[in-house]
Amino acid sequence: MNTTPPSFDSTYFRAALGRFPTGVTVITAAAEGMAPVGLTVSSFNSVSLDPPLVVWSLSRRSSSLKTLEQCERYVIHVLSSEQMSVSQRFASGTAAERFNGMPMTHAPNGSPKLDLQCAAWFECANHRRYEEGDHIIFIGAVEHCARTESLPLVYHAGGYDLTPAGVGK
Ligand SMILES: Cc1cc2nc3c(=O)[nH]c(=O)nc-3n(C[C@H](O)[C@H](O)[C@H](O)COP(=O)(O)O)c2cc1C
Numbered sequence: 003m004n005t006t007p008p009s010f011d012s013t014y015f016r017a018a019l020g021r022f023p024t025g026v027t028v029i030t031a032a033a034e035g036m037a038p039v040g041l042t043v044s045s046f047n048s049v050s051l052d053p054p055l056v057v058w059s060l061s062r063r064s065s066s067l068k069t070l071e072q073c074e075r076y077v078i079h080v081l082s083s084e085q086m087s088v089s090q091r092f093a094s095g096t097a098a099e100r101f102n103g104m105p106m107t108h109a110p111n112g113s114p115k116l117d118l119q120c121a122a123w124f125e126c127a128n129h130r131r132y133e134e135g136d137h138i139i140f141i142g143a144v145e146h147c148a149r150t151e152s153l154p155l156v157y158h159a160g161g162y163d164l165t166p167a168g169v170g171k
């Protein structure tokens with residue numbers, strides 16, 4: 003492994019990464035004997051069509067880490083352009099505050115699911131995890147998914163400036 007220190011600092015690295023626009027998801031899960039968790043995640047991407055696999059990464063500092071390591075499955079909600087407030091809600095506060103007043107239902111295999119019109123959602127089995135740096139990489143095996151015609155929420159350079167018109171309508 004190359005241990006030479008990089009010629010850039012982590013703030014600059016983060017700003018450079020921010021030039022890569024992404025969609026925004028909220029991931030919800032529950033493990034036996036634990037309260038449900040949910041958090042905003044933009045590191046989501048596709049891995050494989052056959053078998054259907056997706057990837058996302060979680061900070062080791064996440065308060066949801068234990069539940070997400072132990073849960074059997076989770077739901078990844080791709081937020082629509084009108085759900086900026088949902089992205090902000092699941093990126094701050096406590097788990098109880100995030101779910102307070104939030105309409106909830108269950109995905110077909112029982113995972114807690116936001117009862118909102120998202121752009122898409124995926125119910126995933128918690129297939130594999132890899133420790134890398136300050137994050138844990140999660141591979142989800144997709145069991146169910148659905149999509150709508152809603153435009154996506156777009157995250158770029160620490161904000162939502164590239165989100166299609168429709169935010170706040
Ligand atoms: C747009 C956006 C994308 C984010 N993406 C990620 C991500 O991919 N992985 C991650 O660990 N945190 C991500 N975060 C930060 C978490 O949502 C935030 O730290 C949250 O408070 C973590 O909650 P927890 O500690 O209860 O798990 C993102 C935040 C925002 C606003």
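Counted the way my numbering counts, the sequence shown spans residues 3 to 171. No residue lacks a Cβ here, since even glycine has one placed at the ideal position from N, Cα and C.
Does the count of Cβ pairs from the stretch 138-152 and the stretch 56-63 closer than 8 Å reach three? yes
Closest by CA to residue 65, which one among 47, 93, 10? 93
Which of the three DSSP states is assigned to residue 122 in this structure? Residue 122 sits in a strand when the DSSP states are folded into three classes.
Candidates 121, 119, 73, 85: closest to residue 111 by CA position: Sorting 121, 119, 73, 85 by C-alpha distance to the C-alpha of residue 111 places 73 at the top.
Roughly how many whole angstroms lie between the Cα atoms of residue 209 and residue 151? Residue 209 is absent from the structure shown; the chain starts at 3 and stops at 171.
What does the alpha-carbon distance come out to for the pair residue 122 and residue 160? 22 Å
So, for residue 104: in the same chain, excluding its five sequence neighbours on each side, which residues have a beta-carbon less than 7 Å away from its beta-carbon? The residues are 116.
DSSP three-state call for residue 61: helix, strand or coil? strand
So, at 8 Å on beta carbons, what are the nonlocal neighbours of residue 171 in its own chain, with the 5 sequence-adjacent residues on each side left out? Below a pLDDT of 50, predicted positions are generally treated as unreliable, and residue 171, at 45, falls in that range; the measurement from the model is reported next regardless. Within the same chain, residue 171 has close Cβ partners 84.
Assuming residue 77 and residue 125 make a contact with CB atoms under 8 Å, what is their CB distance in whole Å? Your pair residue 77 and residue 125 checks out as a contact, with CB atoms roughly 5 Å apart and the cut at 8 Å.
State yes or no: is the C-beta of residue 88 within less than 7 Å of the C-beta of residue 25? no
Taking buried to mean at least 16 other C-beta atoms within 10 Å of its own C-beta, is residue 113 buried or exposed? buried
Can you list, in chain order, the residues of its chain whose CB lies under 8 Å from that of residue 108, leaving out five sequence neighbours each side? Excluding positions up to five away in sequence, the list reads 114, 115.
Going by the DSSP bridge assignment, what does residue 48 pair with across the sheet? 56
May I ask you to report which of helix, strand or coil DSSP gives residue 171? The predicted model places residue 171 with a pLDDT of 45, which falls under 50 and marks its position as unreliable, so this point remains unresolved.
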